[in-house]
Amino acid sequence: MNPFLLAGIAAILIWLIIRNLAHKDPAAESCAKAVVQCLKQKPHASAQEIAEVFRTHNRTGQDIGKVTRLLKSRLVQAGIRKEDQLDVMQAVQQAKTMLEK
30 MNPFLLAGIA
40 AILIWLIIRN
50 LAHKDPAAES
60 CAKAVVQCLK
70 QKPHASAQEI
80 AEVFRTHNRT
90 GQDIGKVTRL
100 LKSRLVQAGI
110 RKEDQLDVMQ
120 AVQQAKTMLE
130 K
């Protein structure tokens, strides 16, 4: 392969790795872990229960977007079945709406 092409690909990969490491939000990570724990204990947790977890972690309606993105990837790890994931995400959106009021 062309050495310039390999160097370009390597530069892009390095940039993506650095960008990913720099954009971590420890507070959002902690909140996402707490929501996952709540869902492990009670798979059909209500929006009110999820909102309480958000309040405990001082998340606002705007901050919850970061947590939501983290949750989407962690639902499988939490043992939530695919057919239940839509219900869980709807409860998360309802919890977000509760906090925005």
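Counting in my numbering, the sequence shown runs from 30 upward without gaps.
The beta carbon of each residue, even a glycine, is placed where N, CA and C say it ideally should be.
Since the model is a prediction, treat every value here as computed from it, not as a measurement.
Relative to the alpha-carbon of M118, which residue among L104, A63, M127 has its alpha-carbon at the smallest distance? The residue you call residue 118 lines up with position 89 of the sequence shown. If we check each option's Cα against that of M118, L104 comes out closest.
Distance between P32 and I93 (C-alpha atoms, nearest Å): Stepping through the sequence shown from its first residue, residue 93 is reached at position 64. Stepping through the sequence shown from its first residue, residue 32 is reached at position 3. CA-CA distance, I93 to P32, rounds to 44 Å.
Count the other CB atoms, across all protein chains shown, that sit within 10 Å of the CB of K69; report buried if there are 16 or more and exposed otherwise. In the sequence shown, residue 69 corresponds to position 40, counting from 1. Taking all protein chains in view, the Cβ of K69 is surrounded by fewer than 16 other Cβ atoms within 10 Å, so the residue is classified as exposed.
Note down the Cα distance separating A120 from E78, rounded to an integer number of angstroms. Against the sequence shown, residue 120 aligns to sequence position 91. Against the sequence shown, residue 78 aligns to sequence position 49. Spanning the two alpha carbons is a distance of roughly 9 Å.
Identify which residue in W44, F83, T89 has its Cα closest to the Cα of A63. Taking the first residue of the sequence shown as 1, we reach residue 63 at position 34. Ranking the options by Cα distance to A63, first place goes to F83.
Once you ignore the five residues that flank D116 on each side, which residues in its own chain have a CB closer than 8 Å to its CB? For the purposes of this step, residue 116 is taken as residue 87 along the sequence shown, with counting starting at 1. Residues H73 of the same chain have their beta carbon placed closer than 8 Å to that of D116, with the five preceding and five following residues left out of the count.
Along the chain, where does the alpha helix (DSSP H) that runs through D116 open and close? Stepping through the sequence shown from its first residue, residue 116 is reached at position 87. Segment 111 to 129, the alpha helix (DSSP H) holding D116.
Classification of I109 by the beta-carbon crowding that lies within 10 angstroms, buried from 16 upward: Here residue 109 corresponds to residue number 80 of the sequence shown, with the count starting at 1. Buried, by the Cβ-count rule.
Specify the secondary structure class of A107 as computed by DSSP and reduced to three states. The residue given as residue 107 occupies position 78 in the sequence shown. Of the three classes helix, strand and coil, the one that applies to A107 here is coil, per DSSP.
If you draw a straight line from the C-alpha of W44 to the C-alpha of A36, how long is it? Within the sequence shown, residue 44 is the residue found at index 15, counting from 1. Within the sequence shown, residue 36 is the residue found at index 7, counting from 1. Rounded to the nearest whole angstrom, the C-alpha separation of W44 and A36 is 12 Å.
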